[in-house]
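Asker: Its first residue numbered 0, the sequence shown is counted upward by one per residue in numbering that gives the first Met the number 0. Beta carbons: idealized from backbone N, C-alpha and C, even for Gly.
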Amino acid sequence: MVSLQSIAIASIVFLIVLVQQASAAQLSCYICTSYNETRCKDDVLPDEFKKNCGTFKHPDGQYREYSICRKIVQTIEFAVNGLEPETRVIRSCGWDNSTYQGRCYQRAGFGGRQEVCGCFDNYCNGANSHSLVFGVTILSVVLAYFAQFKKNCGTFKHPDGQYREYSICRKIVQTIEFAVNGRHAIRCYECNSHNDSRCAEAIPPEALSIDCDSRVIRGCGYDDSSYKNRCYQRSGFGGRQEVCACDTDNCNSATSMSLGFGLIIASVAI
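#1: If you draw a straight line from the alpha carbon of glycine 60 to that of arginine 106, how long is it in whole angstroms?
#2: Within a Cβ cutoff of 6 Å, which residues of the same chain sit near isoleucine 89, ignoring the five residues on either side of it in sequence?
#3: Put leucine 44 into one of helix, strand or coil per three-state DSSP.
#4: What three-state label does DSSP hand arginine 38 in the structure shown?
#5: Given serine 27, which residues of its chain have a CB within under 7 Å of its CB, disregarding the five upstream and five downstream residues?
#6: Residues in the same chain with beta-carbon distance under 7 Å from isoleucine 30, minus the five sequence neighbours each way, listed in chain order, please.
#7: Relative to the alpha-carbon of isoleucine 270, which residue among Asn191, Pro45, Gln25, Asn251 has its alpha-carbon at the smallest distance?
#8: Could you name the residues that DSSP lists as bridge partners for glycine 81?
#9: Just the C-alpha distance for asparagine 151 and alanine 206, rounded to the nearest angstrom, thanks.
#10: Starting from the C-beta of threonine 154, find all residues in its chain whose C-beta is less than 8 Å away, skip the five residues before and the five after it, and write them out in chain order.
#11: Straight-line CA distance for asparagine 249 to asparagine 191?
#12: Ordered along the chain, which non-local residues of its own chain (more than five positions away) have a Cβ less than 6 Å from that of glycine 218?
#13: Beta-carbon within less than 6 Å of isoleucine 216's beta-carbon, same chain only, minus the 5 sequence neighbours each way: which residues are those?
#14: Nearest-angstrom Cα distance between serine 22 and arginine 112?
#15: Could you check where the beta strand (DSSP E) with threonine 74 kicks off and where it finishes?
#16: Alpha carbon to alpha carbon, how far is cysteine 39 from isoleucine 75? Give it in angstroms, no decimals.
#17: When DSSP labels each residue in this structure, what does arginine 102 get in the three-state scheme?
#18: Using 10 angstroms around the beta-carbon of glutamine 103, count the other beta-carbons present and answer buried if the total reaches 16, otherwise exposed.
#19: With burial defined as no fewer than 16 other Cβ atoms inside 10 Å of the residue's Cβ, what is the status of valine 43: buried or exposed?
#20: Sort out for me which residues DSSP pairs glutamine 232 with in a bridge.
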């Protein structure tokens, strides 16, 4: 005959299993902010940041379960409005009905920028969740493609009047992040005074301007600044620009500038 004690124990075990299943059905993410916990920036996050997301009150008044893990990187690039240059990382639960679900997007304004990434798996908002695939893809696909764009740099006329050899390869990525002045893309002058002297005029003719959303410019260059052999970013209302310089042959390909980063990420993620 089954004792009451056995029935009680079985009931408790059954309830524990039900609770665990209910918890497993809810999303779990890393939750922290580097503003008050610097370890939130680390590549390997402590288990104490792992939290069950639970539910939230939706704007429609209903309580719903969180559906994504989110990682936000906020960067103040230079002192503005009393704020010193800083990079802040925020990891949290979230919900998102936008077209950016399951991927990253960026926003920028005067003096700062923000990258927001959303993903759907437990603890996917850790440091290196999506980077390994990126590194492998760059290695296998882009290497052959960019071979066709290799050129010898030759010489240029330096501002001091002397002809010198170019010393770096340069890659510039210009991005317009939202509509400006009613246009889907900003309108810019695109020209080179080397083959069109009108480009050097204070106000170039309208014929030299084009609409552009995002463009990549690769070329030879020289650079005596503190940014030599690395990347820097500039941003303003509605757009941003990333400039990368390097000093080995054909180093301004996507492969050369990204593969090292991808392999570092791969070794950490594995």
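Answerer: If we stick to the structure as given:
#1: Start at 1 with the first residue of the sequence shown, and residue 60 comes out as number 61. Start at 1 with the first residue of the sequence shown, and residue 106 comes out as number 107. Cα to Cα, the separation comes out at about 29 Å.
#2: Walking along the sequence shown from the start, residue 89 turns up at place 90. Excluding sequence neighbours, isoleucine 89 sits near Thr32, Ile71.
#3: Position 45 of the sequence shown, counting from 1, holds the residue named residue 44. It is coil, neither helix nor strand.
#4: The count along the sequence shown starts at 1 and reaches residue 38 at position 39. Arginine 38: helix per DSSP, three-state reduction.
#5: As a position in the sequence shown, residue 27 is number 28, starting the count at 1. So the list reads Lys49, Lys50, Asn51, Cys52, Asn121, Tyr122, once near-sequence residues are dropped.
#6: Position 31 of the sequence shown holds residue 30. Result list for isoleucine 30: Phe48, Lys50, Arg90, Ser91, Cys92, in chain order.
#7: No statement about residue 270 is possible, as the shown extent of the chain runs from 0 to 269 and does not include it.
#8: The residue given as residue 81 occupies position 82 in the sequence shown. Looking at the DSSP assignment, glycine 81 forms no beta bridge with any residue, so it has no partner.
#9: Taking the first residue of the sequence shown as 1, we reach residue 151 at position 152. Taking the first residue of the sequence shown as 1, we reach residue 206 at position 207. C-alpha separation (whole angstroms): 30 Å.
#10: The residue you call residue 154 lines up with position 155 of the sequence shown. Taken in chain order, the residues that qualify are Tyr162, Arg163, Glu164, Tyr165.
#11: As a working mapping, residue 249 is identified with position 250 in the sequence shown. As a working mapping, residue 191 is identified with position 192 in the sequence shown. The straight-line gap from Cα to Cα measures roughly 22 Å.
#12: Here residue 218 is taken as the residue at index 219 of the sequence shown, counted from 1. Answer for glycine 218: Arg169, listed in chain order.
#13: Start at 1 with the first residue of the sequence shown, and residue 216 comes out as number 217. Here the set comprises Ile171.
#14: By 1-based counting over the sequence shown, the position of residue 22 is 23. By 1-based counting over the sequence shown, the position of residue 112 is 113. With a pLDDT of only 39 at serine 22, under the threshold of 50, the placement of this residue in the model should not be trusted; the figure read from the coordinates follows. Computed Cα separation, rounded: 36 Å.
#15: For the purposes of this step, residue 74 is taken as residue 75 along the sequence shown, with counting starting at 1. Counting along the chain, the beta strand (DSSP E) containing threonine 74 begins and ends at 67–75.
#16: Indexing the sequence shown from 1 puts residue 75 at position 76. Indexing the sequence shown from 1 puts residue 39 at position 40. For isoleucine 75 and cysteine 39, the distance between alpha carbons rounds to 17 Å.
#17: Here residue 102 is taken as the residue at index 103 of the sequence shown, counted from 1. If DSSP states are grouped into helix, strand and coil, arginine 102 belongs with coil.
#18: The residue given as residue 103 occupies position 104 in the sequence shown. Correcting the residue identity first, residue 103 is cysteine in this sequence and not glutamine. Classification of cysteine 103: exposed, given that the 10 Å Cβ count is below 16.
#19: Counting from 1 along the sequence shown, the entry for residue 43 is found at position 44. Valine 43 comes out exposed.
#20: Position 233 of the sequence shown, counting from 1, holds the residue named residue 232. Answer by DSSP bridge pairing, in chain order: Glu241.
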